[in-house]
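In this note's numbering, the protein residues as written are 10 to 105.
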């Protein structure tokens, strides 16, 4: 049985450093990031604010989207984030 997946963007502050990730469980992955067990990059730059999350029907679709987003220019990523979340609010409390 397929459970789907998520692509997500984290930041340390509005317009700050961006991190794009993929996971099958957004709640579990965010717990890892917030406990400092996420990526070394996130720990280095204090990145833990969830500003964009996209749900996908399959993990394969999520991985494809993650690769596409990582190839985007920074300004495109910022525009996508601001269209979905103009205040750069931490969305974790709304999604989980």
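The beta-carbon is built from N, C-alpha and C at its ideal position, and this holds for glycine as well.
Closest option to residue 64, judged by alpha-carbon separation, among 53, 31, 99 and 41: 31. The segment 51 to 61 and the segment 82 to 100 touch, with no fewer than 3 CB-CB distances between them shorter than 8 Å. As far as DSSP is concerned, residue 38 takes part in no beta bridge. Annotation: residue 61 is outside any alpha helix (DSSP H); the continuous beta strand (DSSP E) that includes it extends over 58 to 65.
Across the structure, residue 22 and residue 57 are spaced so that their CA atoms are roughly 9 Å apart.
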